[in-house]
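Let me begin by presenting the structure, written as structure tokens, before commenting on it.
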Amino acid sequence: MNRNRQLRGFLIAMIVGAGLMVLGQLVAWPPESGLERILTGLTVAVTLLAVSLTVYAWQHGRRRHGRDERP
1 MNRNRQLRGF
11 LIAMIVGAGL
21 MVLGQLVAWP
31 PESGLERILT
41 GLTVAVTLLA
51 VSLTVYAWQH
61 GRRRHGRDER
71 P
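Note that the sequence shown covers residues 1 to 71 in the UniProt record's numbering.
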């Protein structure tokens with residue numbers, strides 16, 4: 001499995017996992033306590049950070065290793 005396919009699969013897994021995490025937080029909406037509000041905010045922040053870092057790594061890897069180049 002080459003690097004781009006591996007990153008693409010990882011990106012899909014991250015997005016699905018992030019969607020499930022956010023859905024789990026939304027089931028108990030609205031958050032009733034301060035702790036639930038903090039956990040909801042942290043979940044969304046970590047999810048956005050993880051997905052954006054994965055997309056950045058995927059794009060950066062594609063730019064460095066073009067179609068015709070070998071890694």
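The beta carbon of each residue, even a glycine, is placed where N, CA and C say it ideally should be.
>> I need the DSSP call for SER52, collapsed to helix, strand or coil.
In response: Correct three-state label for SER52: helix.
> Quick one: Cα of VAL55 to Cα of GLU36, how far?
Replying inline: Straight-line spacing of the CA atoms in VAL55 and GLU36 works out to 29 Å.
> Rounded to whole angstroms, how far is the Cβ of VAL51 from the Cβ of MET14, which I believe are closer than 8 Å?
Replying inline: Contact holds; Cβ gap of about 6 Å.
> Going by beta carbon distance, what residues of the same chain come within less than 8 Å of GLY34, once the five residues before and after it are set aside?
Replying inline: No residues qualify anywhere along the chain.
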